[in-house]
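Numbering (full-length UniProt numbering), first residue to last: 1 to 386.
Below you can see the structure in the form of structure tokens.
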């Protein structure tokens, strides 16, 4: 099939920053794109060929959007899977598939999948309702501390809470959830695996994630991870095992814990381009967004090696600021060596909302890390009202 400068149509469910960055690549290749998102202000709106406003969880909306595209992909997991399955039956290519998404969309199902497929993961207990956990603690079925995770609709630290005492459960939504044993880990790592329908597989280098202590959001992504070759090899191996078991097409970001004794445990996965791969836009031979396209279009996969060390800093809304966004000191960070800001185009800021990211590339990872710190301390995402 001719994808380029032709009547081929690619549909994307979700019009956020990940979609916008996929569109950098579709425009490079002149691929016709249709995007649907609930917001009239979606970042993708300016860059796709055809924009529809609509509810991604509504069966009819997703079905009607998808039936006149050739390939359908998504940049967010919260979409109507039944509609995707119906579209597949009609002959629309949906990548990753509805089956892959069903496994991943529900954290409890995802964890059971790891257990069933002998993929190492932290021990957990599944609950139909949060209120059942209290009894389980009292009768010794669950030990404190643990991590509470809502089975569905969690993202960017939402739907996740560390429970150190029973009172920490108060105020949590009473939903299907898991209580996961807390792992005293050395590092949080991630590997992005690309796979096309021909079953060619390519993995990106292992990255290390440094988290913000309060927001439970990634602050820095560091590539390559500052770990031994042995641990890196093990992480890559586990990521490929997960990819094979799930049988996805497209990208799969596998987030992992490196334990104190250097075991690798899978935390969770995302079947799409991912925050942990943003560094690749400036640092890799083939960035993750181009790779996602190559994979879903069954094209040869690109070189995943890095040209230089890369670090990504998330730009999130400052605390105490809600309203029209203003980026402070952006000129100062652009004066630093190897710094590129990516602004997502969201008009409204709120505390900890992802508004953009900055990549820092350098031959020397330690130098890149210290420039990243300077970037983090210099740029501020505030609102014009405050």
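Using N, Cα and C, we set each Cβ at its ideal position, and we do this for glycine too.
- When DSSP states are grouped into helix, strand and coil, residue 11 belongs to the strand group.
- Secondary structure note for residue 243: it is in no beta strand (DSSP E), and the uninterrupted alpha helix (DSSP H) holding it is 229-246.
- Between residue 254 and residue 114, the C-beta spacing is not below 8 Å.
- In this structure residue 340 is exposed. Its beta-carbon is surrounded by fewer than 16 other beta-carbon atoms within 10 angstroms.
- Going by DSSP, residue 37 is part of the beta strand (DSSP E) stretching over 32-37.
- With 16 or more neighbouring CB atoms inside 10 Å of its own CB, residue 37 falls in the buried class.
- Spatial neighbours of residue 375 in its own chain (CB-CB distance under 8 Å, excluding positions within 5 residues in sequence) are listed in chain order as 313, 333, 336, 339, 358 and 360.
- Close CB contacts of residue 72 within its chain, under the 6 Å cut and outside five residues either way in sequence, are with 11, 66, 92 and 94 (chain order).
- When the Cα atoms are used, residue 331 and residue 369 turn out to be separated by approximately 19 Å.
- Under the DSSP definition of a beta bridge, residue 195 partners with 201 and 250.
- The alpha-carbon separation between residue 23 and residue 232 amounts to approximately 31 Å.
- Looking at the DSSP output, residue 221 sits in a beta bridge with 209 and 312.
- Judged by DSSP secondary structure, residue 292 falls within the alpha helix (DSSP H) whose first and last residues are 288-296.
- Per DSSP, residue 307 lies in no beta strand (DSSP E) and is assigned neither H nor E.
- The DSSP assignment places 59-66, 81-89, 98-105 and 107-116 as complete runs of the alpha helix (DSSP H) inside the stretch 42-122, in order along the chain (cut-off: 4 residues).
- Excluding its 5 nearest sequence neighbours in each direction, residue 224 has C-beta neighbours in its own chain below 6 Å: 205, listed in chain order.
- Within the model, the alpha-carbon separation for residue 140 versus residue 122 is close to 18 Å.
- Counting along the chain, residue 179 sits inside the beta strand (DSSP E) bounded by residues 177-181.
- For residue 377, the enclosing alpha helix (DSSP H) covers residues 365-378.
- Contact between residue 13 and residue 272 is absent: CB atoms are separated by about 10 Å, not below the 8 Å threshold.
- Under the 10 Å beta carbon count, residue 101 is surrounded by 16 or more other beta carbons and is classified as buried.
- Annotation: the continuous beta strand (DSSP E) that includes residue 126 extends over 124-127.
- For residue 260, the closest C-alpha among the options 250, 308, 188 and 243 is that of 188.
- Within 10 angstroms of the beta-carbon of residue 164 lie fewer than 16 other beta-carbons, which makes it exposed.
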